[in-house]
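Engineer:
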Amino acid sequence: MPILFYNTLTRSKEEFNAIKPNEAGMYTCGPTIYNYAHIGNFRAYMFEDLVRRYLTFRGYKVTHIMNLTDVEDKLIRTCRETGKSLKEITAHYARAFFEDIDTLGIWRADAYPAATDHIPEMVDLIKALREKGHTYEEKGSIYFNLTTFPKYGRLSHMNLEDLKTGASGRVDADEYEAEEARDFALWKAWDEQDGDVYWETELGKGRPGWHIECSAMSMKYLGPHFDIHCGGIDNMFPHHENEIAQSCCATGAPFVNYWLHCAHLMVEGRKMAKSLGNFYTLRDLLAKGLDPLAIRYTLIATHYRQPSNFSFDAVAAASQALRRIRDFRIRLEEIHGEGDELLQECRDCEAEFIANMDDDLNISGALGAVFNFIRDVNRKIDDGGVGSAGAIHVLDLLDQLNQVTGIFAPPVEDTVPREVLDRVAARQQARREKRFAEADAIRDQLLNEGWIIEDTPDGQRVKRV
RNA sequence: GGCGGCAUAGCCAAGUGGUAAGGCAGAGGCCUGCAAAGCCUUUAUACCACGGUUCGAAUCCGUGUGCCGCCUCCA
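Take a look at the structure:
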């Protein structure tokens, strides 16, 4: 069964065929490290991580490259406003970014090239474009001449005429030092506002435009032609369109086979905006006491091309769903003896999971399959038919699917303090002697302290709330 | 003004022509000394509205309404 991806280039689902068999090169637009990333950003990174994990699960050796934008207008403004150096600021937010993705269980990419470490590569690329006649210079800056690339606009379905007019009047050509308002900068000449953020290069004193870093770095780490490029839908135009123009014109080779874009995140039914008071960084949510795994669940559970509504109710529901999974695993781990091995059930569940995920990463359908499986296995356990081999098979399957989703192995509190166990034993003794009021008092007290006591035929189970 | 997306139960969310997955919450029940967990039953004559195509539409087409995105380096 082939994997289908919705390719923005063709606006249709296409079979994924890798350039090299069983290998996949993947480039994803990373953060501008001038601030803490917000949960909308993390939805995109989570989606990209899912693409990478799923391809890995399906046997591909994936090379995942994510850039860090560490020179750009907003960063320079921050430098000016704070008096700090570019490096000070970017080092701080890069560290925060890595902490955040670790917290969310997003796998680290194979490399995180930073723009400022690749100035020579960008200069070479711009030179190549200049030699081929795709650029022009104005006041020391170098621009890409879009008329030299007739295919421009194919990804976003924008046409040059519409862009030129800018009917709302928002595109004011006077503000551009370019022949056409729609042309974009490859190299920006230094001006006083830039302070000490500049490089002396063959192109003059200045800094790279934003788009060129992704062309230069994807090329360096994945070659001129690679499989997958992902990003948020807002990057489609102009950023990805510009990347295509730069890369194709510079190398003459095809650039990217599959463009995957993820939709935006809404918060409580509204767009996320500081003015609406629903703008959250991951740190904001953790400070409110939300469980990172529940945040992960919430962000991952909606199909990536669907606008997703992040709400506190949804996170609470996710916590409950995770508890269900955790309790299911605890139950399985306690099973001993002979019984059903559940081989067919495991095979069916895995097949259904894969069939859904193969269809453009239909995660909701895939999760539905697993929850149906959990219910069916629970029923069999209730009937007493499941043996330890069956339990192991189910746990193995969950572990495997956890490699894709990261939500099927919630942490279990396995060290219960001696003192708590003593009180559980005391309660059990009271129960045996039918002193139920006393037993219930102990249970209530432990519940207050965050421990749930459950009575099973085989004894007491102690769990974290 | 141009281009694009979305609208499914209280909440989250699959399903893109054949009669509404799943999770959370709610109700009733089984189990339990009582609970918890689990299981069973139940919760959308129905998928924003109105037209149309079709034997048949949440699914296709049209119009409208609402929300969201891009068109200035915001995922």
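Residue numbers 0 to 464, in numbering that gives the first Met the number 0, belong to the letters of the first sequence in order.
Where is the CB? At the ideal position from N, CA and C, for every residue including glycine.
Give the DSSP-derived three-state secondary structure of PHE309 in the structure shown.
Structural biologist: strand
Engineer: Considering Cα atoms alone, identify which of SER363, ARG304 and ASN256 is closest to ASP233.
Structural biologist: ARG304
Engineer: Compute the distance between the beta-carbons of TYR33 and MET65, then report whether it is under 8 Å.
Structural biologist: no
Engineer: Rounded to a whole number of angstroms, what is the C-alpha to C-alpha distance between LEU360 and HIS260?
Structural biologist: 12 Å
Engineer: Need the endpoints of the beta strand (DSSP E) that CYS229 sits in, please.
Structural biologist: 225-231
Engineer: Taking just the CA atoms, how far does TYR92 sit from ASP290?
Structural biologist: Between the alpha carbons of ASP290 and TYR92 lies a distance of about 22 Å.
Engineer: Which of the three DSSP states is assigned to ILE373 in this structure?
Structural biologist: helix
Engineer: I'd like to know if the stretch 410-424 and the stretch 358-377 are in contact, where contact means that at least 3 CB-CB pairs between them fall below 8 Å.
Structural biologist: By the Cβ rule, the stretch 410-424 does not count as touching the stretch 358-377, because fewer than three pairs are nearer than 8 Å.
Engineer: Looking at the structure shown, is ALA113 part of a helix, part of a strand, or coil, going by DSSP?
Structural biologist: Taken through DSSP and simplified to helix, strand or coil, ALA113 comes out as strand.
Engineer: Comparing C-alpha positions only, which one of THR7, ARG79 and HIS302 sits nearest to TRP152?
Structural biologist: The displayed chain sequence assigns Gly, not Trp, to residue 152. Nearest of THR7, ARG79 and HIS302 to GLY152, Cα basis: THR7.
Engineer: Taking DSSP as the reference, what is the three-state secondary structure of LYS379?
Structural biologist: helix
Engineer: Taking the straight line between their C-alpha atoms, what separation do you get for HIS210 and PHE372?
Structural biologist: 46 Å
Engineer: Can you list, in chain order, the residues of its chain whose CB lies under 7 Å from that of GLY104, leaving out five sequence neighbours each side?
Structural biologist: ARG295 and GLY405
Engineer: Here's a check: name, in chain order, each residue in its chain whose Cβ is nearer than 6 Å to the Cβ of GLY165, leaving out the five neighbours to either side.
Structural biologist: With a pLDDT of only 45 at GLY165, under 50, the local geometry of the prediction cannot be trusted, and the value read off the model is given with reservation. Excluding residues within five positions, none has a Cβ falling inside 6 Å.
Engineer: Thinking C-beta only, is ALA429 closer than 8 Å to GLU418?
Structural biologist: no
Engineer: Nearest to LYS131 by alpha carbon, out of THR147, ASP193 and ALA315?
Structural biologist: THR147
Engineer: Roughly how many angstroms lie between the CA atoms of ALA172 and GLU137, to the nearest whole one?
Structural biologist: With a pLDDT of only 41 at ALA172, under 50, the local geometry of the prediction cannot be trusted, and the value read off the model is given with reservation. If I take the Cα positions, the gap works out to 14 Å.
Engineer: Quick check on the DSSP output: the beta strand (DSSP E) that includes TYR296 runs from which residue to which?
Structural biologist: Where TYR296 is concerned, there is no enclosing beta strand (DSSP E), although the alpha helix (DSSP H) it sits in stretches over 291-299.
Engineer: Counting only the same chain and skipping the five closest in sequence on each side, list residues whose C-beta sits under 7 Å from that of GLY338.
Structural biologist: Taken in chain order, the residues that qualify are GLY384, VAL385, GLY386 and GLY389.
Engineer: Hey, would you say LEU124 sits closer than 8 Å to ALA252, going by beta carbons?
Structural biologist: Their beta carbons are not under 8 Å apart, which means LEU124 does not touch ALA252 by this criterion.
Engineer: Would ASP457 be called buried (16 or more neighbouring beta carbons within 10 Å of its own) or exposed?
Structural biologist: With fewer than 16 other Cβ atoms within 10 Å, it is exposed.
Engineer: Between the Cα of PHE254 and those of ALA184, ALA90, PRO223 and CYS28, spot the shortest distance and give me the residue it belongs to.
Structural biologist: PRO223
Engineer: Here's the rule: buried if 16 or more other CB atoms are within 10 angstroms of the residue's CB, otherwise exposed. What is ASN241?
Structural biologist: buried
Engineer: Would you list, in sequence order, the uninterrupted beta strand (DSSP E) runs of no fewer than 3 residues that lie entirely inside the stretch 201-262?
Structural biologist: 203-207, 225-231 and 255-261
Engineer: Would a C-beta distance cut-off of 8 Å place ALA95 and TYR35 closer than the cut-off?
Structural biologist: yes
Engineer: Taking the Cβ atom as the reference point for each residue, do ASP347 and ILE2 lie within a distance shorter than 8 Å?
Structural biologist: no
Engineer: Flag this pair as yes or no: are the beta carbons of THR68 and GLY230 separated by less than 8 Å?
Structural biologist: No; because the gap between Cβ atoms is not below 8 Å, this pair is not in contact.
Engineer: Are the beta-carbon atoms of LEU321 and ALA300 separated by less than 8 Å?
Structural biologist: no
Engineer: Ordered along the chain, which non-local residues of its own chain (more than five positions away) have a Cβ less than 8 Å from that of LYS270?
Structural biologist: HIS263
Engineer: Near LEU185, which residues of its chain fall below 6 Å by C-beta distance, leaving aside the five closest residues on each side in sequence?
Structural biologist: Exclusion of the five residues before and after LEU185 leaves ILE125, ILE141, PHE143, GLY208 and ILE211 as the residues of its chain whose Cβ lies within less than 6 Å of its Cβ.
Engineer: When you compare only the Cα positions, how much space is there between LEU394 and GLU22?
Structural biologist: Going from the Cα of LEU394 to the Cα of GLU22 covers about 29 Å.
Engineer: Looking only at DSSP bridge pairs, what is GLU358 linked to?
Structural biologist: For the sequence presented, residue 358 should be read as Asp rather than Glu. For ASP358, the beta-bridge partners assigned by DSSP are LEU3.
Engineer: Let me know the secondary structure DSSP gives GLY405 once reduced to three states.
Structural biologist: Assignment of GLY405 by DSSP, reduced to helix, strand and coil, places it in the coil class.
Engineer: Would you give the residue range spanned by the alpha helix (DSSP H) that PHE435 belongs to?
Structural biologist: 435-447
Engineer: Alpha helix (DSSP H) containing LYS462: first to last residue?
Structural biologist: Note, LYS462: premise wrong, no alpha helix (DSSP H); beta strand (DSSP E) at 458-463.
Engineer: For ASN277 and ASP398, what's the separation of their Cα atoms in angstroms?
Structural biologist: Looking at the two C-alpha atoms, the distance is approximately 35 Å.
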